[in-house]
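Novice: One structure follows; several queries about it will come next.
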């Protein structure tokens, strides 16, 4: 991130953190308001817009029949891409995805893939093809914690998606076989204090960040530390527990109906 | 265009324009001498070199069997490319086509495609393939108004082309089914005066440019304004009429024989 | 090469050359010690590490079934690539191969291809495919004369390679049909003196370089002059003879067993 | 394909009728100005950043701001997934859109700086370049960039030998002509004009006039949206 | 696939056992520091250049060195030939590896300069990023770059519901979880942590502890290799 | 394939005979110097720009001009349409062609500047690099760039065990050796030499001599073309 935040703002946030406060008045383990709106894009097979505070991402899911990988002929394929378009932040530049966009896409991708969110074995087609699932994350407004917003948007858009089976002559359209509900929760470290759902300011000045992706029953499905700060094993365990329980709460709030099934 | 023309030259051209004159003595609706030479490149299925004054383009047409677009299986395919190679102007640089080269290619392409110059439905092949038509415009000397030269070259090269049917085992070679003769005529605006076939100097200092592509009987087939100048509706109508009648004259001069058929 | 060698070092080397000496004490027609170690990379179908003095290259050969070229359906395909990775020299930069890497790859490629080192007609497969032979030269330490090291590595890796026939269901693995043993010998020109196997310093200050690739019985198989220096026809003939006889000696030293067959 | 039946088009509109259009001003936090537009099936968002410093520096102009315009389609905005990043079509559209907006901006106020306009097509249904220009024009105003006027854009076309306003996808794909236009409706200055297909001179003149009325309606909505925004701000 | 039989893994190791590891220091002439590592089937070489001048200049930092890290796989390092050049995976690995090493380097000593770390994977068999970090850490020391400590890395994973150290390819591909970790074992500071798969909280804590012991063994070997090198130099 | 019958080649030439060659000087308006060459089936045009300022600036040399050379094939110049832009072959040819021309240019006259040479292959029929160098050499003279001499180039080859001058496409594709050479024929300085195929040492020496006579003929035509040009100018 190239954002330059005045030294004074940084000192202010650190001083607040020492007093267990955050600039926007939240508790350390509190998220900004989350909004999820599914189905905005008719041209996509599934879509969802997620806002976390002023951060905003739009995720579209496209499905098309295609060739499976040679070493997994009976398995659908997930392709995840994140576009940090310059519309979303003064620090984003046009051009191919940079390392931040690539890391973001790959963490979201692994969260979906490795958690087993989609039963890919059910995505074969009668002619030997499989469904290719394109998850495209279009970031619209970057005010911090894009990763949790993107992961949430990916899950909501997948839940919203229907296979375009009729268009390709494969029988009736169907929902995707969703088996797991991975939720990403990110914390930053500010002088030893861990804060969930960092705002842009917090994220910019924090020396390290850790994202924890967990599923139903609190199983850990993914993790990514980034930044040049260091963490002790004890700190990591504490954050992971906090993130996993926060994820359960978010899952209940937004996907309670689904996960009861 | 990066050409820097001395302020004084600019003032001179504007002053001339006020007196209804042009630096090279032409009338406002007069083209520089046009030369068309077809068939220079034996390795291409069709080719033509066009000179308009000192501007010079070489257009090659290559034909090869290929897959049609999925949504138009019975239709030949046109691919138009323009190379503004650095040999042609001190302002051209090596590298992939910039926005000027792309605009030029796309205007020429639409002129051929949307006017229906080629009956693409006649370009199917017995094995389900179709002819792919590559129109490659190689600019050799840029002294203004490349767009009219490129469009003229594309038409002449298409008229010169023969399908390489024998080479691919599809029976005897044949001329392309040409149905329309789109001619591009470009005008620039200098302080309200409209001049056809702008020289490089005129083009460089003009605030806007409009290209009008018209066919047999004066039907309009394409149009492109470019530049940051503005035009009134009345000005546009006047230029369009002028361009369309000039196009008829060029068509008669160079393609009279063909268009009588 | 961007290496800057102090003027003084240059003068020193030139002064030595005048006295028929080299900085490392070698005779003009003497190579630095050569080491060849084959089979280091199990994941490759063939591999070899070559050291010439402190220069070090690792060559991997990969084989996979693929489509032949349309105009040579009964012929295996060679694809040679050289990576001048920034690990190997302060003057190498990340990014796609520059003109030096491309020239190096193409000279090595022609040496293998045009000498007929591999009998490509024996590389057809029963299903109409052919073996694609990827020769990847990974430069690890650049201390001069990469071209001879790369060519030597390519030959040794090809000799080390086995077709992965079993993996693809084509019967038992087999050695490649090697018919010729092309050896590259490079000389530089320092004020008229010709030195074989130039060190990095010699290479950097030399005005021209000539690589001679020759085969069994001294037949010439390839040649490449580079650099902006000039050579007389007499000089060329002299160097070519010297290089060809040096190549015989290297071939005997390292591939004597093979070439007796 | 029959495009006009009983005087109505395939989506039940009259030949001279625009699709429903909705403007939403100031929808993004980070951008200096922004506008979301729904225009029929099109969903488009524009953001403006600037005036701000130019990088790389050799692009700077000593006595005026430069204008940059990037039209970009989201991968999921069209039926067949689009590969991300600029293609030839979007490069051309970015160029003509920039030239359509540029003459309205008072660039002399901001030497050595850039005003960056980013347009994202979230869903496409014919007329995206016009919707993008309309959104960009409002986003510039929202960013407080000094302008000579608003630019309003729409497409005119021909289907079943009839000149019609504001084509939908099917009309665009299978119709006889398509002509996007952009103008400052107060002065009548046209800043963008493209056309392809087949039009007689008479049809062309008719199309220009129809385009003018379309732009005028758009301009009305643009002004209304900006007024709403500032009213809203005053009431806050 | 059965991964553990009679308490032994498919390559006959115990669950908490590392593969054979070998460090070779100072193997390249041109680089300022270098290290070759064999770690099971992995063959990895790291080179360090710097501190040296930064190009292009706008990347310079006024009061410290910048650190660059490039993880690159040779085309022939994997079963299916890899197309040369960076892909998304190697870009991500380069980023997290850089962040794993960066906190150990005393960057303030070298304002306006860069320290470049290049890691080439010559043969890959699961755990290449860890092997690369281990090699890079030693190469930095070999280059004489002032450091707060050595970084040591290994992967932990889960196969057959058992937490195991240092996965081989088959365990990585078909196992239940993979978790690379890097740390300064003297201070216990973790500088890299990634995970994917399925782990319960208990398994995760167990994995962290196992990773710590793995890193400690690696650290021991790194130190030993450096000592050997300097002993060797003294005897020369 | 039989290449030589009754002492004549497939296009009826003698083994030591060049194809018909034609030089046209000063064919472009915008370039500072230009030359069009037809050499058998090859149609090639060269343009020279400069000495002029170097961008980007870090490429400048303090005490001499830099030389840039771009060999480029038009898409339609070969049987199978070539994708536009540089490929590996054209990058190598650009390099060796630049090195072939460079020693003739008196670069010290123009510090901090560049002399740019652009060669476009409009139709290709074996020997394009030589034709390009021949055209470039004349274009440099036409541009008034001060030179030590003209560079002349041709290819020699071997077909049916016979050393022949100036291969055509079929001889190049199916022959036994190909050897392009470039030289200043007055001094005998060779500036380009490449070879591939099979040549004995004796054949090689023979080929060098044959190449020398070919270059001498080319040089004659180059000089003639330049004289014609200046005569033409004087008569104007």
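Residue numbers (this note's numbering), protein chains in the order written: chain A, 374 to 634; chain B, 374 to 634; chain C, 374 to 634; chain D, 213 to 448; chain E, 213 to 448; chain F, 213 to 448. Cβ coordinates follow ideal geometry from the N, Cα and C atoms, glycine included.
If I measure Cβ to Cβ from residue 488/C and keep anything under 6 Å in the same chain, skipping five residues before and after, which residues do I get?
Specialist: In the third chain, residue 488/C corresponds to position 115, counting from 1. The answer, listed in chain order, is 553, 555, 588 and 594.
Novice: Name the DSSP bridge partner or partners of residue 365/D?
Specialist: Numbered from 1 along the fourth chain, position 153 holds the residue referred to as residue 365/D. 394/D, per the DSSP bridge assignment.
Novice: DSSP state of residue 442/E, grouped into three classes?
Specialist: Start at 1 with the first residue of the fifth chain, and residue 442/E comes out as number 230. It is helical.
Novice: Hey, residue 432/A and residue 526/A are a contact pair by Cβ (cut 8 Å); roughly how many whole angstroms apart?
Specialist: Position 59 of the first chain, counting from 1, holds the residue named residue 432/A. Position 153 of the first chain, counting from 1, holds the residue named residue 526/A. About 4 Å; that satisfies the 8 Å criterion.
Novice: Exposed or buried, which one is residue 468/C when buried takes at least 16 other CB atoms within 10 Å?
Specialist: Within the third chain, the letter at position 95 stands for residue 468/C. Classification of residue 468/C: exposed, given that the 10 Å Cβ count is below 16.
Novice: Pull up the distance between the alpha-carbon of residue 304/E and that of residue 282/E, whole angstroms please.
Specialist: On the fifth chain, residue 304/E is found 92 positions in, with the first residue counted as 1. On the fifth chain, residue 282/E is found 70 positions in, with the first residue counted as 1. Roughly 10 Å separates the two Cα atoms.
Novice: Hey, does residue 272/F have any beta-carbon neighbour from chain C nearer than 8 Å?
Specialist: In the sixth chain, counting from the first residue as 1, residue 272/F sits at position 60. It does not: the Cβ of residue 272/F has no partner Cβ on chain C nearer than 8 Å.
Novice: Using the Cβ count rule (16 or more neighbours within 10 Å means buried), how would you classify residue 391/F?
Specialist: One-based indexing of the sixth chain puts residue 391/F at position 179. Buried, by the Cβ-count rule.
Novice: Report, in whole angstroms, the separation of the C-beta atoms of residue 258/F and residue 342/F, which I expect to be a contact under 8 Å.
Specialist: The sequence position of residue 258/F within the sixth chain is 46, counting from 1. The sequence position of residue 342/F within the sixth chain is 130, counting from 1. Not a contact, Cβ separation roughly 12 Å.
Novice: Compute the Euclidean distance between the alpha carbons of residue 240/D and residue 585/B, then round it to the nearest angstrom.
Specialist: Sequence index remark: in the fourth chain, residue 240/D carries index 28 (1-based). Sequence index remark: in the second chain, residue 585/B carries index 212 (1-based). So the alpha carbons of these two residues sit roughly 40 Å apart.
Novice: If we count Cβ pairs, one from each stretch, closer than 8 Å, do we get three or more for the stretch 220–233 of chain F versus the stretch 312–326 of chain F?
Specialist: Touching, no, given that fewer than three Cβ pairs across the two stretches are closer than 8 Å.
Novice: Terminal residues of the continuous beta strand (DSSP E) containing residue 599/A?
Specialist: Translated into the one-based positions of the first chain, residue 599/A becomes position 226. Unbroken beta strand (DSSP E) run through residue 599/A: 593–599.
Novice: State yes or no: is the C-beta of residue 560/A within less than 8 Å of the C-beta of residue 612/A?
Specialist: By 1-based counting over the first chain, the position of residue 560/A is 187. By 1-based counting over the first chain, the position of residue 612/A is 239. A contact, by the Cβ cut-off of 8 Å.
Novice: According to DSSP, is residue 337/B part of a helix, a strand, or is it coil?
Specialist: Outside the displayed range of chain B (374 to 634) lies residue 337/B, so it cannot be described from this structure.
Novice: Give me the DSSP bridge partner(s) of residue 248/F.
Specialist: Taking the first residue of the sixth chain as 1, we reach residue 248/F at position 36. 236/F and 257/F.
Novice: Below 7 Å between beta carbons is the criterion; list the residues of the stretch 482–494 of chain A that meet it against any residue of chain E, in chain order.
Specialist: The residues in question are 483 and 487.
Novice: Spell out whether any CB of chain A is found under 8 Å from the CB atom of residue 307/E.
Specialist: In the fifth chain, counting from the first residue as 1, residue 307/E sits at position 95. With 8 Å as the cut-off, residue 307/E counts as an interface residue toward chain A.
Novice: Counting beta carbon pairs with one atom in the stretch 469–477 of chain C and one in the stretch 442–461 of chain C, are three or more of them shorter than 8 Å?
Specialist: Flag = yes, the stretch 442–461 of chain C and the stretch 469–477 of chain C touch.
Novice: With DSSP as the reference, please indicate the residues paired to residue 316/D in a beta bridge.
Specialist: Along the fourth chain, read from residue 1 onward, the residue named residue 316/D stands at position 104. Answer is none; residue 316/D lacks a bridge partner.
Novice: Going by DSSP, what residues sit across from residue 401/F in a beta bridge?
Specialist: Here residue 401/F corresponds to residue number 189 of the sixth chain, with the count starting at 1. Paired residue(s): 396/F.
Novice: Report the three-state DSSP secondary structure of residue 442/C (helix, strand or coil).
Specialist: Counted from its first residue, the third chain places residue 442/C at position 69. Reduced to three states, the DSSP call for residue 442/C is coil.
Novice: When you check each C-beta in the stretch 442–467 of chain C against every C-beta of chain E, which residues fall closer than 7 Å?
Specialist: If the cut-off is 7 Å between Cβ atoms, the stretch 442–467 of chain C has 454, 456, 458, 459, 460, 461, 462, 463 and 467 near chain E.
Novice: Assuming residue 567/C and residue 401/C form a contact by the criterion Cβ under 8 Å, report the distance between their Cβ atoms to the nearest whole angstrom.
Specialist: Here residue 567/C corresponds to residue number 194 of the third chain, with the count starting at 1. Here residue 401/C corresponds to residue number 28 of the third chain, with the count starting at 1. That pair is a contact at about 7 Å.
Novice: Grouping DSSP H, G and I as helix and E and B as strand, with all else coil, what is residue 577/C?
Specialist: Numbered from 1 along the third chain, position 204 holds the residue referred to as residue 577/C. Correct three-state label for residue 577/C: helix.
Novice: Which same chain residues end up closer than 7 Å to residue 364/A when comparing Cβ atoms and leaving out the 5 residues on each side of it in sequence?
Specialist: Lying outside 374 to 634, the shown extent of chain A, residue 364/A is not represented and no answer is given.
Novice: Closer than 7 Å by beta-carbon distance: list the chain E residues that pair up with residue 417/C, in chain order.
Specialist: As a first step, residue 417/C must be located in the third chain, where it is residue number 44. Those are 288, listed as they occur along chain E.
Novice: Please classify residue 459/B: does DSSP put it in a helix, a strand, or coil?
Specialist: Residue mapping note: residue 459/B aligns to position 86 of the second chain, counting from 1. Of the three classes helix, strand and coil, the one that applies to residue 459/B here is helix, per DSSP.
Novice: On the DSSP letters alone, give me the boundaries of the beta strand (DSSP E) that residue 420/B sits inside.
Specialist: Translated into positions along the second chain, residue 420/B becomes position 47. Looking at the DSSP string, the run of the beta strand (DSSP E) that includes residue 420/B is 419–425.
Novice: Scan the stretch 235–246 of chain D for residues whose Cβ lies nearer than 9 Å to a Cβ of chain G and list them as they occur along the chain.
Specialist: Among the chains of the structure shown, chain G does not appear; the protein chains present are A, B, C, D, E and F.
Novice: With 16 as the cutoff for other CB atoms within 10 Å, does residue 515/C come out buried or exposed?
Specialist: As a working mapping, residue 515/C is identified with position 142 in the third chain. With 16 or more Cβ atoms within 10 Å of its Cβ, residue 515/C is classed as buried.
Novice: Between residue 604/C and chain F, is any beta-carbon pair separated by less than 8 Å?
Specialist: For the purposes of this step, residue 604/C is taken as the residue at position 231 of the third chain. Yes, residue 604/C lies at the interface with chain F (some Cβ there is under 8 Å from its Cβ).
Novice: Could you work out which residues of chain D lie near residue 514/A, taking near to mean beta carbons separated by less than 7 Å?
Specialist: Within the first chain, numbered from 1, the residue matching residue 514/A stands at position 141. 240, 241 and 242, listed in chain order.
Novice: Determine the direct distance from the alpha carbon of residue 519/C to that of residue 407/C, and round the result to whole angstroms.
Specialist: In the third chain, counting from the first residue as 1, residue 407/C sits at position 34. In the third chain, counting from the first residue as 1, residue 519/C sits at position 146. Rounded to whole angstroms, residue 407/C to residue 519/C spans 12 Å at the Cα level.
Novice: Let me see if you follow: with CB-CB separation under 8 Å, is residue 592/C close to chain F or not?
Specialist: One-based indexing of the third chain puts residue 592/C at position 219. Chain F, which has a Cβ nearer than 8 Å to the Cβ of residue 592/C, makes this yes.
Novice: Are residue 309/E and residue 265/E touching if we call contact CB-CB under 8 Å?
Specialist: Residue 309/E sits at position 97 when you count from the first residue of the fifth chain. Residue 265/E sits at position 53 when you count from the first residue of the fifth chain. Result no, Cβ atoms of residue 309/E and residue 265/E do not sit closer than 8 Å.
Novice: So with CB distances below 8 Å, who are the chain C contacts of residue 261/E?
Specialist: Counting from one through the fifth chain, the residue named residue 261/E turns up at place 49. Within chain C, the residues near residue 261/E are 459 and 463.
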